[in-house]
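Enquirer:
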Amino acid sequence: MKRISYPILKLFLILTIFNLVACNQEKISRSTQENTTEINQNQTENRQEKLNITVTIPPQKYFVEKIGGELVNVNVMIGPRLEPHTYEPQPQQLTSLAESSAYVAIGVPFEEVWLNKITTANPQIVMINSGEGINKIPLVGHDHDHNHENDNHNHEDEHNEDIEHNESNYTSETSSPDPHIWLSPKLAKIQAENIYQGLVKINPENQQIYQENLTKFLTEIDNIDQQIKEKLAPINNRKFFIYHPAWGYFAQEYNLQQIPLEFEGQEVTSQELSNLIKQAKAEKINTVFAQPQFNNKTMEIFAKEIGAEIVLLDDLAQNWSENMLSTADKLAKAMTNNTN
């Protein structure tokens, strides 16, 4: 029997030990990688789990999605073609509220009736008041005593008047606060800040993401504001006729004057309509504005009497940025053609 030399035996033992250590390290490394992957997957799932947020109107959906991004799923109570002053939610909508983490309120009449019912249906829901910190102006209506035929003040001077004084010529003594705060870029920034604070409150671990999205959205709003100013800057006669006075904040912000044919659910009287027709003819108004949420029969009569085209302005359009620019374009085109 041959004897195995000591050096060979020693080498064999060293190689065996090395292989055992290497295999063990590979198992440890594989196990560590698997654990790390599992942890990362869990963290990603937790981070990307969407919050169910309910809002009242479509423009709010745009705001919340801009700030929440991929982290939110937004439900809208009142669709784009529905009238928020009289809407009643469907039973399935109230049921879906039970799954919502938060409700973003904005101050429209619908909420005065239904917010208490919503919190009763879901006591755990967090209420986010997107209008917090906003001072609302009176809803603009038509003043019975305003003499439009003698309204001959210089338009350059009119531009420099305080816009709230201008609007007071068309405001009822008992007017309610104007709820259409989303139609002002300046106020939209306040709403965005409030929504950001609300999302951080219920989902603080994603604060950085919300902060980054908020910063981008505020920049977007500033860009929209600048574009609107440029579109409306050349206009001399800055009045526009509209059915429902939804654009009061927009008018205030850009030194315009809206003249409505309806106010808080009541259309103008026959005498008021006659006076408005005379005014519109005197100013050679060739475009008037209506909204898709309303029965515009009175506006159709008005437009026919003065020979004007009816153009739709949708204050509830979901794509807020696109709608604001489109509205500015429509108003600029209409008012450019006004002769006075």
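Residue numbers (full-length UniProt numbering): 1 to 340.
For every residue, glycine included, the Cβ atom is placed at its ideal position computed from N, Cα and C.
Does the distance from the CB of MET77 to the CB of THR56 come in under 7 Å?
Expert: yes
Enquirer: Would you be able to state if there are at least three C-beta pairs under 8 Å between the region 207-220 and the region 58-76?
Expert: yes
Enquirer: Taking its Cβ as the centre, do 16 or more other Cβ atoms sit within 10 Å of PRO234, making it buried, or is it exposed?
Expert: It is exposed - the Cβ of PRO234 has fewer than 16 other Cβ atoms within 10 Å.
Enquirer: When DSSP builds the beta bridges, which residues end up paired with MET335?
Expert: Looking at the DSSP assignment, MET335 forms no beta bridge with any residue, so it has no partner.
Enquirer: Starting from THR287, follow the beta strand (DSSP E) in both directions and report where the run begins and ends.
Expert: 287-290
Enquirer: Within a Cβ cutoff of 8 Å, which residues of the same chain sit near ILE209, ignoring the five residues on either side of it in sequence?
Expert: GLY69 and LEU71
Enquirer: By how many angstroms is the C-alpha of LEU312 removed from the C-alpha of GLN293?
Expert: 10 Å
Enquirer: Should LEU232 and ALA334 be called a contact, given that it needs their Cβ atoms to be closer than 7 Å?
Expert: no
Enquirer: Could you check the C-alpha separation between GLU305 and ASN75 for me, to the nearest Å?
Expert: 42 Å
Enquirer: Do LEU115 and ASP178 have their C-beta atoms closer together than 7 Å?
Expert: no
Enquirer: By DSSP, does PRO245 sit in helix, in strand, or in coil?
Expert: coil
Enquirer: According to DSSP, is GLN293 helix, strand or coil?
Expert: Coil.
Enquirer: Counting beta carbon pairs with one atom in the region 243-256 and one in the region 294-304, are three or more of them shorter than 8 Å?
Expert: yes
Enquirer: Measuring only the C-alpha atoms, how far is GLN318 from ALA105?
Expert: 16 Å
Enquirer: Mapping the DSSP letters down to three states, classify ILE310 as helix, strand or coil.
Expert: strand
Enquirer: Could you name the residues that DSSP lists as bridge partners for ALA102?
Expert: ILE53 and VAL126
Enquirer: With DSSP as the reference, label VAL200 as helix, strand or coil.
Expert: Taken through DSSP and simplified to helix, strand or coil, VAL200 comes out as helix.
Enquirer: Taking C-alpha atoms, which residue in VAL113, GLY307 and PRO204 lies nearest to LYS281?
Expert: GLY307
Enquirer: Where DSSP assigns a beta bridge to GLU262, which residues make up the other side?
Expert: GLU267
Enquirer: For a test of the three-state rule: what should DSSP assign to VAL140, helix, strand or coil?
Expert: coil
Enquirer: Going by DSSP, what residue range makes up the beta strand (DSSP E) through ASN75?
Expert: 72-76
Enquirer: Take ASN46 and list the residues in its own chain whose beta-carbon comes closer than 6 Å to its own, dropping the five residues that flank it on each side.
Expert: For ASN46, the predicted model reports a pLDDT of 47, less than 50, meaning its position is unreliable and no value from the coordinates is stated.
Enquirer: Let me check understanding here. Comparing Cα to Cα, which of ILE195, MET299 and GLN93 lies closest to GLY133?
Expert: Looking at the Cα atoms, ILE195 is the closest of the given residues.
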